[in-house]
Amino acid sequence: MDLLVIAIILAGLYMAWNIGANDLANAMGTSVGTGALTIKQVIVIAAVFEFLGAVFFGKRVTSTIAKGIVPIDMISRVHPDIVVLGMLAAILAASFWITLATFYNLPVSTSHSIVGSVLGFGLIAAYKGIISFSDIHWSALLKIVASWFISPVFGAIL
């Protein structure tokens, strides 16, 4: 197996571990805290439903993050290797940040972290002249950032 493929798999597993370490408490903490479920039950439930959610509903979100912020198709036509390395760097950067934040008990969003990392890849690509700064999908990024402010409001209302 190619070393890059192994690195990508390991980076994906590292990010998955971070998502579990950081986000599981948000989703299931009250169930354990009230004694309604045990830690083992929560882990099984979370593993099943997070997997099903990723398989059945994750494609659109993944597509938005992967193609909606940075013009991946434009970059890959000229530099396909840059796309692979840039996205690998993005997932590693987000994962490392989430690891640090989780270790220090900081409430961070895995979604915000990966969006920021992908934007960082796009900014570096623009700085290096691979794309222009105007090629970054700023309107899509604005929609994503707006959702970060709108979601808590709707959560409070509902």
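For what it's worth, the numbering used here labels the leading residue of the sequence shown as 66, then goes sequentially.
Beta carbons are placed, not taken as given, at the ideal position from N, Cα and C, and that holds for glycine.
Review point. Quick one: does the C-beta of Tyr79 sit closer than 6 angstroms to a heavy atom of the ligand PLP?
Key: With respect to the ligand PLP, the structure shown offers nothing to examine, as it has no ligands at all.
Exercise for review: Evaluate the contact criterion for the region 103 to 121 versus the region 170 to 179: three or more CB pairs, one atom per stretch, below 8 angstroms.
Suggested key: The answer is no - the region 170 to 179 does not touch the region 103 to 121, with fewer than three Cβ pairs under 8 angstroms.
Practice item. Count the other CB atoms, across all protein chains shown, that sit within 10 Å of the CB of Trp213; report buried if there are 16 or more and exposed otherwise. Key: To locate residue 213, count along the sequence shown from 1; it is residue 148. Exposed, by the Cβ-count rule.
Point to revise | Contact belief for Ile179 with Ile130 at Cβ below 8 angstroms, rounded distance in angstroms | key: Here residue 179 refers to the residue found at position 114 when the sequence shown is read from its first residue. Here residue 130 refers to the residue found at position 65 when the sequence shown is read from its first residue. Going by Cβ atoms, the distance from Ile179 to Ile130 rounds to 6 angstroms, so yes, they are a contact pair.
Review point. When you compare each of Met66, Gly77 and Val70 to Ile156 by their alpha carbons, which one comes out closest?
Key: On the sequence shown, position 91 is the one that residue 156 refers to. Of the listed residues, the one whose Cα sits closest to Ile156 is Gly77.
Practice item. For the region 154 to 206, list the beta strand (DSSP E) runs that are entirely contained and at least 3 residues long, ordered along the chain. Key: none
**Study point:** Within 7 angstroms, strictly: CB atoms of Leu89 and Ala111
**Key:** The sequence position of residue 89 within the sequence shown is 24, counting from 1. The sequence position of residue 111 within the sequence shown is 46, counting from 1. Yes.
Check your understanding: Is DSSP giving Leu89 helix, strand or coil here?
Key -> Numbered from its first residue, the sequence shown carries residue 89 at position 24. Leu89 falls in the helix class under three-state DSSP.
Point to revise | Host alpha helix (DSSP H) of Ile110 (start-end) | key: Taking the first residue of the sequence shown as position 1, residue 110 is located at position 45. Residues Ile104 to Lys132.
Check your understanding: Secondary structure at Met66, three-state DSSP: helix, strand or coil?
Key -> Residue 66 sits at position 1 when you count from the first residue of the sequence shown. DSSP places Met66 in coil when its eight states are reduced to three.
Review point. Quick one, are the C-beta atoms of Gly133 and His202 less than 7 angstroms apart?
Key: As a working mapping, residue 133 is identified with position 68 in the sequence shown. As a working mapping, residue 202 is identified with position 137 in the sequence shown. Going by C-beta atoms, Gly133 is nearer than 7 angstroms to His202.
Point to revise | Whole-angstrom distance between Gln106 and Val113, CA atom to CA atom | key: Numbered from its first residue, the sequence shown carries residue 113 at position 48. Numbered from its first residue, the sequence shown carries residue 106 at position 41. Spanning the two alpha carbons is a distance of roughly 11 angstroms.
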